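**Student:** Here's a structure for you.
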Amino acid sequence: MTDSPLVPDGCLAVTCAKVGDLPLPPLEPRALTPGQVRTLKNVLDRLPRFHQHKSRRRSAVGELHGHARPLRDRAIVHILLGTGLRREELVNLDLDQITPNIPQELRAAKKAKISGV
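What follows is the structure, encoded as structure tokens:
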């Protein structure tokens, strides 16, 4: 025998015990309810007001902060809600994967098609 506390199967003789599976519920995909989606879209409609300057010193009413991108943020959330894309897929999305893929036509379009994701 050696002085090692390990037994032949590699476990510590004192601390190794047979542990069974934990009684966890099965994993189920979760999705937003229609009410939650509606609430999220309502919050998105308030984004431009959220990014407006609120100080009294500003003379231009409705001027947005320099870092504000409310339309971009709104578009990102609508794409995520409407397509089920993951964050990485959205970040790696290229203009060539969207039809129409010309920015002016895309702004005017009611619907767009995403392919090759």
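Residue 137 in the working numbering is what sits at position 34 of the sequence shown, and the numbering runs on without skipping anything.
Cβ atoms here follow ideal geometry from the backbone N, Cα and C, with glycine treated the same way.
Quantities reported herein were computed from a predicted structural model and do not represent experimental measurements.
(1) Look up residue 216 in the DSSP assignment and say whether it is helix, strand or coil.
(2) Taking Cβ to Cβ, would you say residue 179 is nearer than 9 Å to residue 193?
(3) By the 10 Å Cβ neighbour count, where 16 or more other Cβ atoms means buried, how is residue 147 classified, buried or exposed?
(4) Report yes if the C-beta distance between residue 173 and residue 206 is below 9 Å; otherwise report no.
(5) Tell me where the alpha helix (DSSP H) around residue 180 begins and ends.
(6) Mapping the DSSP letters down to three states, classify residue 142 as helix, strand or coil.
(7) Closest by CA to residue 184, which one among 127, 122, 121, 139?
(8) If you follow the alpha helix (DSSP H) that residue 206 is in, where does it begin and where does it stop?
**Tutor:** Per the coordinate set shown:
(1) Under the three-state reduction of DSSP, residue 216 is assigned to strand.
(2) yes
(3) buried
(4) no
(5) 173-186
(6) Correct three-state label for residue 142: helix.
(7) Among 127, 122, 121, 139, the Cα nearest to that of residue 184 is on 139.
(8) 206-211
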